[in-house]
Structure formats: structure tokens, C-alpha cells
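Asker: To start, I am sharing the structure in question, which I have written as C-alpha cells.
Have a look at this one:
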């Protein structure tokens, strides 16, 4: 009787998703990524999906981008934190994901500057300038 060796079932390892950049510019985030797979090589842009969520409510998808390796999410609210997730799918249907957080800066508040005249009996700078106390707040 001949010995029968079973043929191993090939495995489809998941691809590797990589977010190369997620750059905040004003109220937009420009993003770029790629996918690599042991069996397929480079994953085509058509098999890439992007999702943008606010980290305070991860179930609330704000924007998506499908079939692109790069793009822009626009009209973001100020002073918030976001999570961008890239999912890549190989020809066998296996998926790989990568995520990155992006924070919009807090609102910039104007500094308070106070110029006070010298105390009695002292001088500062040119006494003929008539130093006085005044507060300024930049609007």
C-alpha cells in the first residue's frame, strides 16, 4: 500500500497595514498609507479603506475614504482628538489594520501684558516719556 502524504492547506497570512503619515493642517488631516502582503506583495489602493472617528465616541464614524492610498479628511472641529484607521485586504480576503491618533490644538488665547510705572523715587528708561500703568489684552 502506497503511503499517502496529505497536502498542507495553504495559509493566507494577513497583510500589514501601515499609516505613513497623518498630518494636521488647519482643520484637515492629510493621510497616506500602504499595505504589504506575504503572498500578494503591495496591496493596491483599491483594497484600502480609511475611517475617521472622534476618540470621545469611537462608534461614531465621521468620515470614510475607500479605495485610496492617500487623501484628506476635511472640516474637523477645533480642539478635539481623532483616530484614523486604515484597513487593507489581500486577494484571499485577509485583513490588516493600523490606527493613529491625531489631536487638533486647543484654541490659542491671547496673553495678558501689564506695564506698570516705576515706584515712587525710582526711574526707568527716559523719565520724560511719562510712564504710566496700562493693561492690554489682544482680541
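Numbering (the working numbering), first residue to last: 1 to 139.
Each residue gets a CB set at the ideal place from its N, CA and C atoms; glycine is no exception.
Computed from a prediction, not measured in an experiment: that's the story for all the values here.
1) Looking only at C-alpha atoms, which of 85, 34, 42 sits nearest to residue 59?
2) By a C-beta neighbour count over all protein chains shown, 10 Å radius and 16 as the cutoff for buried, is residue 55 buried or exposed?
3) Can you list, in chain order, the residues of its chain whose CB lies under 6 Å from that of residue 74, leaving out five sequence neighbours each side?
4) Less than 7 Å separating the beta-carbons of residue 87 and residue 49?
5) Grab me the residues of residue 42's own chain with a C-beta within less than 8 Å of its C-beta, minus the 5 sequence neighbours each way, in chain order.
6) For residue 30, does the three-state DSSP call read helix, strand or coil?
Answerer: Reading off the structure:
1) Taking only the C-alpha atoms, the option nearest residue 59 is 85.
2) Under this definition residue 55 is an exposed residue.
3) Around residue 74: 28.
4) Result yes, Cβ atoms of residue 87 and residue 49 sit closer than 7 Å.
5) Counting only Cβ-Cβ distances below 8 Å, and skipping sequence neighbours, we find 34, 35, 36.
6) Strand, per DSSP.
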